[in-house]
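Colleague: Count the sequence shown with this note's numbering and you get residues 37 to 120, in order.
Where a beta carbon is used, it is the ideal one built from N, C-alpha and C, also for glycine.
One structure is given below, represented as structure tokens, and several questions about it will come after.
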Amino acid sequence: MPDGTNICLATELTKAPLNQQLTLVDSRVDQGSRIRLASLGLRLGSTFSLIARTAGGGRVAVVSGTRVALGKSLLTQLSAEVVR
């Protein structure tokens, strides 16, 4: 029975579904990586989609219409929720 609390359904980006709108909800990357990701439009609260898997476990994301390749080690430090 729902009690009015929100349950976070965040998942690490290595396990996030492809071709669905996602919202970035957690970032455990270092400051330099955080700044680089922000310059690409990927910051907390931003929406994006993962559209392809790459060799070695990476993903290709579409952020504000731009494709961005993300390596597996970076993906393990980022979590997102599916936009409902």
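(1) If A97 sits next to F84, beta carbons under 8 Å apart, how far is it from one beta carbon to the other, in whole angstroms?
(2) Would you kindly work out how many angstroms separate the C-alpha atoms of R70 and T47, rounded to a whole number?
(3) Look at G81 and L60 and say whether their C-beta atoms are less than 8 Å apart.
(4) For I87, which of G77, Q57, R120 and L45 has the nearest alpha-carbon?
(5) DSSP state of L58, grouped into three classes?
Modeller: Taking the structure as given:
(1) Taking the first residue of the sequence shown as 1, we reach residue 97 at position 61. Taking the first residue of the sequence shown as 1, we reach residue 84 at position 48. Their Cβ separation, rounded to whole angstroms, is 5 Å, which keeps A97 and F84 in contact under 8 Å.
(2) As a working mapping, residue 70 is identified with position 34 in the sequence shown. As a working mapping, residue 47 is identified with position 11 in the sequence shown. So the alpha carbons of these two residues sit roughly 18 Å apart.
(3) Residue numbering aside, residue 81 sits at position 45 when the sequence shown is read from its first letter. Residue numbering aside, residue 60 sits at position 24 when the sequence shown is read from its first letter. Yes.
(4) Along the sequence shown, read from residue 1 onward, the residue named residue 87 stands at position 51. The option with the nearest alpha carbon to I87 is Q57.
(5) Counting from one through the sequence shown, the residue named residue 58 turns up at place 22. Note: L58 maps to strand in three-state DSSP.
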